[in-house]
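Going letter by letter, the sequence shown gives residues -11 to 207 in this note's numbering. Idealized CB from N, CA, C, for every residue including glycine.
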Amino acid sequence: MNNPIRVVLADDHVFVRDGIKSLLENETNIAVVGEGTDGLEALAVVETEKPDLLIVDIRMPNLTGIEVVEKLRTQNNPIKIIMLSMHESEEYVLKSIKAGADGYLLKGSSKDEFLKALHTVANGGKYFSGDISSILIGQLTNSVSNPETKQFFEDEQLITKREKEILKLLLSGKGNKEIAEALDISKRTAEVHRFNLMKKLKVKNLIELSNKASEYSLL
-11 MNNPIRVVLA
-1 DDHVFVRDGI
9 KSLLENETNI
19 AVVGEGTDGL
29 EALAVVETEK
39 PDLLIVDIRM
49 PNLTGIEVVE
59 KLRTQNNPIK
69 IIMLSMHESE
79 EYVLKSIKAG
89 ADGYLLKGSS
99 KDEFLKALHT
109 VANGGKYFSG
119 DISSILIGQL
129 TNSVSNPETK
139 QFFEDEQLIT
149 KREKEILKLL
159 LSGKGNKEIA
169 EALDISKRTA
179 EVHRFNLMKK
189 LKVKNLIELS
199 NKASEYSLL
């Protein structure tokens, strides 16, 4: 039996934390191993418990959720992080991704979506709740096109048609398994395409990928 996903919850409202624990209590493959009531406590608990996943409120005392993410990424902490928020605003979403969050989940999400987000992120994917993925796509489609660099990529065939499909799905918040299902390929093949795409574009994460795709008008 696989080890459960070890989760830390950070939210300054006890009823929110209790609600999440109640939602997760019957999930045998998930274990809540710690809690924090503000940003500083969140960092302390993560340091002590070394969980797989942090679910952190975007607005908290002492340090905000975004500041917590920034500090963890500055420390090169590989922990997976889901931002939890009541706000579906472009500003919060983009700041969270830029800081290094792996997902963004609205507090009004259903149990099924919550569990899907948790498993997706824990398994190395990205998850963005509701219409949030459209914000990411919007950042690309509303950007200024650069025909010369776009033509360069197409002429040199650096980016294949399949990799463009992978790119679009990645930026809509899909993980490797979902990409594989959408394109009717194996998960391993999806992983290889994703690796090749990110290697070609010389990027390490989703926000860098989004910026590079925007810069070269790849979609």
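For a test of the three-state rule: what should DSSP assign to SER84, helix, strand or coil? For this step, residue 84 is matched to residue 96 along the sequence shown. Residue state, collapsed to three classes: helix.
Segment limits, beta strand (DSSP E) that includes GLY91: On the sequence shown, residue 91 is found 103 positions in, with the first residue counted as 1. Start and end: 91 to 94.
Does the stretch 90 to 104 touch the stretch 66 to 79, meaning 3 or more C-beta pairs lie closer than 8 Å? yes
Considering Cα atoms alone, identify which of ILE46, LEU82, GLU29 and SER10 is closest to GLU196. As a first step, residue 196 must be located in the sequence shown, where it is residue number 208. Considering only alpha carbons, the answer is LEU82.
The beta strand (DSSP E) enclosing ILE70, as first and last residue numbers: For this step, residue 70 is matched to residue 82 along the sequence shown. Residues 68 to 73.
Using beta-carbon positions only, say whether GLY22 and PRO49 come within less than 8 Å of one another. Residue 22 sits at position 34 when you count from the first residue of the sequence shown. Residue 49 sits at position 61 when you count from the first residue of the sequence shown. No; because the gap between Cβ atoms is not below 8 Å, this pair is not in contact.
In three-state DSSP terms, what is GLU169? The residue you call residue 169 lines up with position 181 of the sequence shown. Three-state DSSP puts GLU169 in a helix.
Between LEU168 and SER174, what straight-line distance do the alpha-carbon atoms span, to the nearest angstrom? The sequence position of residue 168 within the sequence shown is 180, counting from 1. The sequence position of residue 174 within the sequence shown is 186, counting from 1. Note on identity: in this sequence residue 168 is Ala, with Leu being the wrong assignment. In a straight line, the C-alpha of ALA168 is about 5 Å away from that of SER174.
Measure the C-alpha to C-alpha separation of VAL4 and VAL(-4) and round it to an integer number of angstroms. Locating residue 4 in the sequence shown gives position 16, where the first residue counts as 1. Locating residue -4 in the sequence shown gives position 8, where the first residue counts as 1. If you take the alpha carbons of VAL4 and VAL(-4), they lie about 13 Å apart.
Sequence-distant residues of the same chain with beta carbon closer than 8 Å to ASN193, five excluded per side: The residue you call residue 193 lines up with position 205 of the sequence shown. GLY88, listed in sequence order.
Got a sec? Which residues, its chain only, sit under 7 Å from LYS200 by beta carbon, not counting five neighbours each side? Locating residue 200 in the sequence shown gives position 212, where the first residue counts as 1. So the list reads LEU189 and VAL191, once near-sequence residues are dropped.
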